[in-house]
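No gaps in the numbering here: position 134 of the sequence shown is 1098 in our numbering, and each next residue is one more. Where is the CB? At the ideal position from N, CA and C, for every residue including glycine. The structure displayed is predicted, hence computed values, not measured ones. Working notes, beginning with the structure itself.
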Amino acid sequence: MKYSHSLTKMVNGLIRTIPGQRSNQIFRRKDVAFIKAQIVEDLDFYVKCDPAARNSPELVQNAYLSFQAVATYRIAHHLVKIAAAQNDDRLFQYARYLSEKAKVMTGVEIHPSAEIKTPFMIDHGWGTVIGETAEIGSRCCLLNGVVLGARGIAGNGNGKRHPTLGNDVQVGAFTEILGNIHIGNRVVIGPRLKITAAVPEDAVLIRKTEYWILRTLDSNPYSL
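Put into structure tokens, the structure is as follows:
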């Protein structure tokens, strides 16, 4: 691919931000290759789904902060898997460091333990939050302000407490999906909804908020 070199440079640059370690002390070549392959899938999905990308992978890679958030998640999530395999809590802390840094830089918070299949896209992204036990299927797209959260505020248990999204799910801006619920394949959820129950496959959820108010000039209480 024509953007292979620049993507490798980006991935290596993100890995080098892990504190206190050289990347080759944590990630083997096959780890980097695996992460890069995931990010390439995500990048191609961005280009395919967003006409504003102008069919340019370079534009997405260099200008889309939401893509940077997803790319950083891929690295942090792989680091979580290495931490679990080696029973090394320090590596898990490094993964959290990456995700917190990405949150500050991009406005998108993705817990590194969340399970997100490829490809995946967050468009616009600011204010989007994906919780620790959330699971997301392939070819899903979230807009800005989406929250995949728990039902409680404080004192939640350690078990599964965040939603699971099937494949090909689209979620509109400022929608909250809360609790250990399942959203079926190919569901489309409009903006500004609060979902607390399971949604079956192929459902479309919208909120009708448009009201037309017609007044004559004489009856308008706000006229001068």
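Neighbour-count burial assignment, residue i, 16 or more Cβ in a 10 Å radius
{"i": "residue 1076", "result": "buried"}
{"i": "residue 1185", "result": "Note that residue 1185 scores a pLDDT of 49, beneath 50, so its modelled location is shaky; the value from the coordinates is reported in the next line. Exposed, since its Cβ has fewer than 16 Cβ neighbours within 10 Å."}
{"i": "residue 969", "result": "exposed"}
{"i": "residue 1025", "result": "buried"}
{"i": "residue 1123", "result": "exposed"}
{"i": "residue 1015", "result": "exposed"}
{"i": "residue 1168", "result": "exposed"}
{"i": "residue 1072", "result": "buried"}
{"i": "residue 1050", "result": "exposed"}
{"i": "residue 1030", "result": "buried"}
{"i": "residue 1111", "result": "buried"}
{"i": "residue 973", "result": "exposed"}
{"i": "residue 1170", "result": "exposed"}
Same chain only: Cβ atoms within 6 angstroms of residue i, ignoring 5 sequence neighbours per side
{"i": "residue 1080", "result": "1100"}
{"i": "residue 1120", "result": "1114"}
{"i": "residue 1065", "result": "none"}
{"i": "residue 1125", "result": "1097, 1114 and 1144"}
{"i": "residue 1009", "result": "1083 and 1085"}
{"i": "residue 1090", "result": "1071 and 1108"}
DSSP three-state assignment for residue i, whether helix, strand or coil
{"i": "residue 1147", "result": "strand"}
{"i": "residue 1142", "result": "strand"}
{"i": "residue 1064", "result": "helix"}
{"i": "residue 1082", "result": "coil"}
{"i": "residue 973", "result": "helix"}
{"i": "residue 1158", "result": "strand"}
{"i": "residue 1070", "result": "helix"}
{"i": "residue 982", "result": "coil"}
{"i": "residue 1128", "result": "strand"}
{"i": "residue 1170", "result": "coil"}
{"i": "residue 1107", "result": "coil"}
{"i": "residue 1046", "result": "helix"}
{"i": "residue 1094", "result": "strand"}
Same chain only: Cβ atoms within 8 angstroms of residue i, ignoring 5 sequence neighbours per side
{"i": "residue 982", "result": "990, 1043, 1058, 1061 and 1062"}
{"i": "residue 1117", "result": "none"}
{"i": "residue 959", "result": "Nothing can be reported for residue 959, as the shown portion of the chain is limited to 965 through 1188."}
{"i": "residue 978", "result": "1035, 1036, 1039 and 1062"}
{"i": "residue 1150", "result": "1130, 1131, 1132, 1133, 1165 and 1166"}
8 angstroms Cβ cutoff, residue i in contact with chain C
{"i": "residue 1125", "result": "Looking for chain C here will not work: only one protein chain is present."}
The ligand NAP heavy atom lying under 7 angstroms from the CB of residue i
{"i": "residue 1010", "result": "Ligands in the displayed structure: none, and consequently the ligand NAP is not present."}
### Query
What are the uninterrupted segments assigned as alpha helix (DSSP H) that are 4 or more residues long and contained completely in the segment 987-1024, given in chain order?
993-1013
### Query
Is it a yes or a no for the segment 1047-1058 touching the segment 1024-1039, going by three-plus beta-carbon pairs under 8 angstroms?
no
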